[in-house]
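If you want our numbering, it's the position in the sequence shown, counting the first as 1, plus 10. For each residue, glycine too, the CB sits at the ideal point set by N, CA and C. These figures come from a predicted structure and were not determined experimentally. See structure below.
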Amino acid sequence: MIRDRVMTEVEQGLGAALAALDEDRAASPVLRAVVEEFQRKFDKTHTAVLGPDELLAREALIELEQAADSARYAALADPGAAVRTRDLIVDAHDWVCTYKVTGQLLRPDV
11 MIRDRVMTEV EQGLGAALAA LDEDRAASPV LRAVVEEFQR KFDKTHTAVL
61 GPDELLAREA LIELEQAADS ARYAALADPG AAVRTRDLIV DAHDWVCTYK
111 VTGQLLRPDV
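So, in structure tokens, the structure goes:
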């Protein structure tokens, strides 16, 4: 199912982004805090997004997207963040937003 795949990709992407932040000494603490909030929103909304109630799933997805947007903006605004760190955060964001807008996968070939 597409929702399962999206949520798996976001979960893995957030894990990779947080690991990259652990190694990225030039990234700001603000960026780390915003990505951690994205992770908390993922944890909070995961069950609802995958659940049978379409309205609840949509509302949870919108809440998750808001956290993803904040993380993306923070990553792009942080002049100290490494390119790899930034790209991992933006990639996790893009999985959420592409699914929300299209109902499809960001990269169906992957």
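On the premise that residue j lies in contact with residue i, defined as a C-beta separation below 8 Å, what is that separation, rounded to the nearest angstrom?
i, j, result
"V45", "A29", "Contact doesn't hold; Cβ gap of about 11 Å is too wide."
"A81", "F48", "4 Å"
"L60", "V106", "With a Cβ gap of about 13 Å, L60 and V106 do not count as contacting."
Would DSSP call residue i helix, strand or coil?
i, result
"E35", "What sits at residue 35 in the sequence shown is Arg, not Glu. Of the three classes helix, strand and coil, the one that applies to R35 here is coil, per DSSP."
"A91", "coil"
"G25", "helix"
"D104", "helix"
"M11", "coil"
"D63", "coil"
If you draw a straight line from the alpha carbon of residue i to that of residue j, how long is it in whole angstroms?
i, j, result
"L98", "R13", "20 Å"
"A58", "Q76", "16 Å"
"V40", "M11", "35 Å"
"A87", "V20", "21 Å"
"A70", "G23", "18 Å"
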